[in-house]
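**Q** Residue numbers (this note's numbering), protein chains in the order written: chain X, 14 to 522; chain Z, 16 to 367. C-beta atoms are modelled at their ideal positions from N, C-alpha and C, and glycine is treated no differently. Every value quoted in this text rests on a predicted model; they were computed, and no experiment measured them. My structure is below; once you've seen it, I'll send some questions.
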Amino acid sequence: MSAILEVKNITKIFPKVVANDNVNLMVEKGEIHAILGENGAGKSTLMNIIYGLYKPDSGTLIFDGEELNLSGPHEAIEKGIGMVHQHFMLIPVLTVAENIVLGAEPEGITYDKKKANDLIREISQKYHLEIDPEAKVKDLPVGLQQRVEILKAFYRKAKLLILDEPTAMLTPQETEKLFEIMRELKKQGMSIIFISHKLEEVLEISDRVTVMRRGKAVGTLKTKETNEQELANLMVGREVVLRIEKSEYKPGGVVLKVNDLNVVDQQGVARVKDVNFEIREGEIFGLAGVDGNGQLELVEAIMGLRPKKSGTILFYGKDVTNFSTRQLYREGISYIPQDRQTDGLVLDFTVAENLILREYKDSTYSRYGVIQYKKVYENAEKKVKEFDIRPPEYMLKARNLSGGNQQKVILAREVGYNPKLLIAVQPTRGMDVGAIEYIHKRILELRDKGAAILLVSLELEEIMSLSDRIGVIYKGQLMDILDGKTAAKEQIGLLMAGSRFDKTTLEAR
Amino acid sequence: MKSILKELYIPVVAVLIAIIIGSIIMMVTGFNPVIAYISLFLGAFGNVNNIANTLAAAVPLILTGLGVAISFKAGLFNIGAEGQYWIGAIVGVWIGYSFTGLPWYIHIPFALVAAMIAGGLWAGLIPGLAKAYTGANEVITTMMMSYIAIYFSHFLLEFGPMMDKSGTIPQSPVINDSAVIPFLIRNTQLSYGIFIALVAAIFVYWLMFKTTWGFEMRAVGYNQKAARYAGMNVPLNMVLSLGLSGAFAGLAGAVQMLGVQHRLYDSFTSGYGYTAIVVALLANNNPIGVIFAAILFAALGTGSQYMQLNAQVPGQMADVITGLIVFFVAAYRIAEVIKDRLAKRQKKEVKA
Numbered sequence: 014m015s016a017i018l019e020v021k022n023i024t025k026i027f028p029k030v031v032a033n034d035n036v037n038l039m040v041e042k043g044e045i046h047a048i049l050g051e052n053g054a055g056k057s058t059l060m061n062i063i064y065g066l067y068k069p070d071s072g073t074l075i076f077d078g079e080e081l082n083l084s085g086p087h088e089a090i091e092k093g094i095g096m097v098h099q100h101f102m103l104i105p106v107l108t109v110a111e112n113i114v115l116g117a118e119p120e121g122i123t124y125d126k127k128k129a130n131d132l133i134r135e136i137s138q139k140y141h142l143e144i145d146p147e148a149k150v151k152d153l154p155v156g157l158q159q160r161v162e163i164l165k166a167f168y169r170k171a172k173l174l175i176l177d178e179p180t181a182m183l184t185p186q187e188t189e190k191l192f193e194i195m196r197e198l199k200k201q202g203m204s205i206i207f208i209s210h211k212l213e214e215v216l217e218i219s220d221r222v223t224v225m226r227r228g229k230a231v232g233t234l235k236t237k238e239t240n241e242q243e244l245a246n247l248m249v250g251r252e253v254v255l256r257i258e259k260s261e262y263k264p265g266g267v268v269l270k271v272n273d274l275n276v277v278d279q280q281g282v283a284r285v286k287d288v289n290f291e292i293r294e295g296e297i298f299g300l301a302g303v304d305g306n307g308q309l310e311l312v313e314a315i316m317g318l319r320p321k322k323s324g325t326i327l328f329y330g331k332d333v334t335n336f337s338t339r340q341l342y343r344e345g346i347s348y349i350p351q352d353r354q355t356d357g358l359v360l361d362f363t364v365a366e367n368l369i370l371r372e373y374k375d376s377t378y379s380r381y382g383v384i385q386y387k388k389v390y391e392n393a394e395k396k397v398k399e400f401d402i403r404p405p406e407y408m409l410k411a412r413n414l415s416g417g418n419q420q421k422v423i424l425a426r427e428v429g430y431n432p433k434l435l436i437a438v439q440p441t442r443g444m445d446v447g448a449i450e451y452i453h454k455r456i457l458e459l460r461d462k463g464a465a466i467l468l469v470s471l472e473l474e475e476i477m478s479l480s481d482r483i484g485v486i487y488k489g490q491l492m493d494i495l496d497g498k499t500a501a502k503e504q505i506g507l508l509m510a511g512s513r514f515d516k517t518t519l520e521a522r
Numbered sequence: 016m017k018s019i020l021k022e023l024y025i026p027v028v029a030v031l032i033a034i035i036i037g038s039i040i041m042m043v044t045g046f047n048p049v050i051a052y053i054s055l056f057l058g059a060f061g062n063v064n065n066i067a068n069t070l071a072a073a074v075p076l077i078l079t080g081l082g083v084a085i086s087f088k089a090g091l092f093n094i095g096a097e098g099q100y101w102i103g104a105i106v107g108v109w110i111g112y113s114f115t116g117l118p119w120y121i122h123i124p125f126a127l128v129a130a131m132i133a134g135g136l137w138a139g140l141i142p143g144l145a146k147a148y149t150g151a152n153e154v155i156t157t158m159m160m161s162y163i164a165i166y167f168s169h170f171l172l173e174f175g176p177m178m179d180k181s182g183t184i185p186q187s188p189v190i191n192d193s194a195v196i197p198f199l200i201r202n203t204q205l206s207y208g209i210f211i212a213l214v215a216a217i218f219v220y221w222l223m224f225k226t227t228w229g230f231e232m233r234a235v236g237y238n239q240k241a242a243r244y245a246g247m248n249v250p251l252n253m254v255l256s257l258g259l260s261g262a263f264a265g266l267a268g269a270v271q272m273l274g275v276q277h278r279l280y281d282s283f284t285s286g287y288g289y290t291a292i293v294v295a296l297l298a299n300n301n302p303i304g305v306i307f308a309a310i311l312f313a314a315l316g317t318g319s320q321y322m323q324l325n326a327q328v329p330g331q332m333a334d335v336i337t338g339l340i341v342f343f344v345a346a347y348r349i350a351e352v353i354k355d356r357l358a359k360r361q362k363k364e365v366k367a
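Here it is in structure tokens:
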């Protein structure tokens, strides 16, 4: 086998950060090569260099036997490098064919619709990527939109396809379908770079895997000869506990009870429809679902951040339906919101101030409306130590902390006061293996102390490994509630896509 | 300590660059910048009287500047300090001349507090409520309320209920002696009002940085969403911080009336409410910084006359320097924003 792409000693330095440190990589013709690494390991930087978005500070790229000196993505495309970004770059109101040929239309000035459609049909047949060229992109499910992106690359005659976190937005079934496509493409001799931070996906689909850590390529392994543990250790740089040790499930009394909850948004569209569930002491209730299916609206309605159309919320039997957010906090409910930077923290406040963002009015921290900063700093010092927030300087603005440490500040604030109920929305989003391990440990500790936990996450893995019971939400409806121990991934996946009888899933398969 | 230096760095550099560019302009137009700056300085601080007049000019700037700084810190752009100043002045003067027989220690606080309430309502009631509950842009509403306040004063003074009946000049009667804030130094404009301004600055600092209310205002100002998620009442905070902002602008009007003018003259603008925006900007909304920024702009004003006399440099030169300072402070902030954006973008890119 010969190499399609050789990356030699690539270094890219950003102010304060060495994003790529003397990276070497060789992708062979017809292989699926995974790039595995935590957030900030330099995967995207490397891909952006290969795709011509960045110029490396030093090092060379050899593509198909020819040294590349790219001035921009257009040149990379010309040479035969195609990239599918994590966030699709499609125009929703245009048809599939229009999106694919956009910028490289088959004939001169006028757009020949029929010819474009025929061309796309031809390509999609060749690569077994069935799609209707005349469908509007906005009407397609995510999995098919991704297919459009892939076709875009082939239409431009890609010889190497880079997939940047392609499974991030997909349901398990869509992921499986994507993998089938990738295998099929491989059979036809296509070379694929698959970027991911999910170990099992890498193990399932790739031939070889290169692990990146802190800007360095720390090793290239044959997938067959490695395992999850080895990859995780390489990724983090130390021994990692992969399997979460969960103590026995001993549910107590009902903490939260949601009855027939309905929520409509400002446009009057129903976002949450007749949702019923309860969470008990010592229980983690996981809410699974594809992004945008009403999870956020459900949680915000419970937290008093969004008006409810109908329904009741009971907390330890007490009706808290119309409580304000602050009243709910005072009842002993904690909330880790979805976006730490826009919802969870005041970035221009110090860590110490962020740690009392909710409690500043409590008698512990203020007297007659005057904040007792001595107490605030004592608390901060304790929390910084307890939650291992780095750097351990509580006078630093939250803005200057890394994402993982910002999340720890929120965690310290929300978990540190031993809440009776914790609502955590994507508590580990965008965090690396080490930090995820830590946050999961904290959440489990809370459960073992007898608290109830509502865990909302888009990561099915996370839901499945932590939850005692799993609710699946689809278009605002709670499809089913499953036992966390026995629930199968396929089963949840189908529910996430609105059950097996739904048309869109059939089309996607 | 380090953070104080860091905060000082921007305005000081901005002022220095403005001075340098000012010299270049003077040299090009055929003036000697050294003589010009020396006379500017002497005019502002050359003797006790000049210092007193500079400080006197700083008083209304400190108070309106505080008002604007409060709103900026709370994430709201109160552009209408000028109008709130006028409302404060009207109420202060009216109480000053219409109540008789009160001892000074009741009359003065009465006038000042009433002016603060009036200024606070002027900003908080309509612009504040409109912003909080309908999202109406406070830049527009406070500005419009400014015009209403100024035209309202015309109505009152030009043959209206507040006009001094003993003459035909559109001005109010003189306030009673019991309402006069006495002068601190004879034959200057400096009254005890300077102490009111200094105490106000310290009070605002304490309020913003040491109290729960200040904590809320700053949290809402920096990140409304996070404040709401933390259980704070965001709309209420908007109304209150705009109200507080207006209260200090109103206080400025009353202090100026009771301490310096002693009556209200018909005019189109005092100018303080607008300079206040610049003062707050240069001070980076720090209440203590407002004192120094206000003194600087006051000095440019008082010194410019002396500069015109002694160095024959037109007084407008001081305005040019003021403009340059504003430009460079603003430019620095813009540069910061751009730097932030770039840093964020790079961070994103580094993320794999």
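With a threshold of 16 other CB atoms inside 10 Å of the CB of X/N413, please say whether the residue is buried or exposed.
**A** Under this definition X/N413 is an exposed residue.
**Q** Can you give me the C-alpha to C-alpha distance between X/Y378 and X/V303, rounded to a whole angstrom?
**A** About 40 Å.
**Q** Return helix, strand or coil for Z/I200, following the three-state DSSP convention.
**A** It is coil, neither helix nor strand.
**Q** Buried or exposed for X/R226, please, with buried defined as at least 16 other CB atoms from any protein chain shown within 10 angstroms of its CB.
**A** That one is buried.
**Q** Terminal residues of the continuous alpha helix (DSSP H) containing X/K502?
**A** Residues K502 to M509.
**Q** By the DSSP assignment, the alpha helix (DSSP H) with X/R196 in it spans what residues?
**A** Counting along the chain, the alpha helix (DSSP H) containing X/R196 begins and ends at P185 to K200.
**Q** Whole angstroms are fine: how far does the CA of X/L473 sit from the CA of X/K502?
**A** One C-alpha to the other measures close to 8 Å.
**Q** Taking Cβ positions, are Z/G135 and Z/S206 nearer each other than 9 Å?
**A** No.
**Q** Taking the alpha carbon of X/L471 as the point to measure from, which residue in X/Q308, X/K149, X/I75 and X/G95 has its own alpha carbon closest?
**A** Checked all of X/Q308, X/K149, X/I75 and X/G95; the closest Cα to X/L471 is X/Q308.
**Q** Can you find a CB in chain Z that lies within less than 9 Å of the CB of X/G345?
**A** No - not a single Cβ of chain Z is within 9 Å of the one on X/G345.
**Q** Can you check the segment 411 to 457 of chain X for any beta strand (DSSP E) of at least 3 residues that lies completely inside it and give the ranges in chain order?
**A** With a minimum length of 3 residues, the continuous beta strand (DSSP E) runs that stay inside the segment 411 to 457 of chain X are 434 to 438.
**Q** Short of 7 Å Cβ to Cβ, which residues in the segment 226 to 237 of chain Z face chain X?
**A** Correct list: T226, T227, W228, F230, A234 and Y237.
**Q** Using Cβ-Cβ distances below 9 Å, what residues of the segment 200 to 232 of chain X are close to chain Z?
**A** Against chain Z - using a Cβ distance shorter than 9 Å - the residues of the segment 200 to 232 of chain X are I208, H210, M225 and G228.
**Q** Answer yes or no: does any C-beta atom of chain X fall closer than 9 Å to that of Z/A96?
**A** Output row for Z/A96: interface = no.
**Q** Taking X/I452 as the reference, give the member of X/K172, X/E427 and X/K433 with the closest Cα.
**A** Among X/K172, X/E427 and X/K433, the Cα nearest to that of X/I452 belongs to X/E427.
**Q** When you compare only the Cα positions, how much space is there between Z/L324 and Z/T44?
**A** For Z/L324 and Z/T44, the distance between alpha carbons rounds to 17 Å.
**Q** How would you write the range of the alpha helix (DSSP H) that Z/M223 sits in, first residue to last?
**A** Looking at the DSSP string, the run of the alpha helix (DSSP H) that includes Z/M223 is G208 to K225.
**Q** At the level of alpha carbons, what is the spacing between Z/A104 and Z/L266?
**A** Computed Cα separation, rounded: 8 Å.
**Q** Would the segment 255 to 269 of chain Z and the segment 78 to 96 of chain Z be scored as touching if the rule is three or more Cβ pairs under 8 Å?
**A** The answer is yes - the segment 78 to 96 of chain Z touches the segment 255 to 269 of chain Z, with three or more Cβ pairs under 8 Å.
**Q** Which stretch, first to last residue, makes up the alpha helix (DSSP H) that contains X/S137?
**A** Taken as a continuous stretch (DSSP letters only), the alpha helix (DSSP H) holding X/S137 covers K126 to K139.
**Q** Apart from the five residues just before and just after X/G511, which ones in its own chain have a Cβ nearer than 6 Å to its Cβ?
**A** Hits under 6 Å: Y487.
**Q** If you run the structure through DSSP and keep just helix, strand and coil, what is X/Y329?
**A** DSSP places X/Y329 in coil when its eight states are reduced to three.
**Q** So Z/G95 and Z/S161 are supposed to be a Cβ contact under 8 Å. How far apart are they, rounded?
**A** Contact holds; Cβ gap of about 4 Å.
**Q** Taking the alpha helix (DSSP H) that X/Y168 belongs to, which residues open and close that run?
**A** Segment V155 to Y168, the alpha helix (DSSP H) holding X/Y168.
**Q** In or out: X/Q279 buried (at least 16 other Cβ within 10 Å) or exposed?
**A** Exposed, by the Cβ-count rule.
**Q** Which residues bound the beta strand (DSSP E) around X/M102?
**A** Premise fails: X/M102 is in no beta strand (DSSP E) and is neither H nor E.
**Q** Name the DSSP bridge partner or partners of X/V97?
**A** For X/V97, which the question treats as bridged, DSSP gives the partners X/L176.
**Q** Hey, would you say Z/W119 sits closer than 9 Å to Z/S168, going by beta carbons?
**A** Cβ distance not < 9 Å, so Z/W119 and Z/S168 don't count as in contact.
**Q** Short check: CB of X/I206 to CB of X/L244, under 9 Å?
**A** For X/I206 and X/L244, no; Cβs fall outside 9 Å.
**Q** From what residue to what residue does the beta strand (DSSP E) around X/H46 run?
**A** From DSSP, the beta strand (DSSP E) with X/H46 extends over I45 to G50.
**Q** Flag X/G156 as yes if its beta-carbon sits less than 9 Å from any beta-carbon of chain Z, otherwise no.
**A** No, no contact with chain Z.
**Q** Can we say the segment 152 to 166 of chain Z touches the segment 136 to 144 of chain Z, given the rule of at least three CB pairs closer than 8 Å?
**A** Yes: at least three Cβ pairs fall under 8 Å.
**Q** Apart from the five residues just before and just after X/A230, which ones in its own chain have a Cβ nearer than 7 Å to its Cβ?
**A** Closer than 7 Å at the Cβ level, and outside the excluded window around X/A230, lie V36, N37, L38 and T223.
**Q** Tell me, please, whether the CB atom of X/D350 is closer than 9 Å to any CB atom in chain Z?
**A** In the sequence as displayed, the identity of residue 350 of chain X is Pro instead of Asp. Yes - at least one Cβ of chain Z is within 9 Å of the one on X/P350.
**Q** How many angstroms separate the CA atom of Z/F343 from the CA atom of Z/I32?
**A** Distance between the alpha carbons of Z/F343 and Z/I32 is about 8 Å.
**Q** Within the segment 57 to 104 of chain Z, note down every full alpha helix (DSSP H) run reaching 4 residues or more, in order along the chain.
**A** Listed in chain order, the complete alpha helix (DSSP H) runs (minimum 4 residues) inside the segment 57 to 104 of chain Z are 63 to 88.
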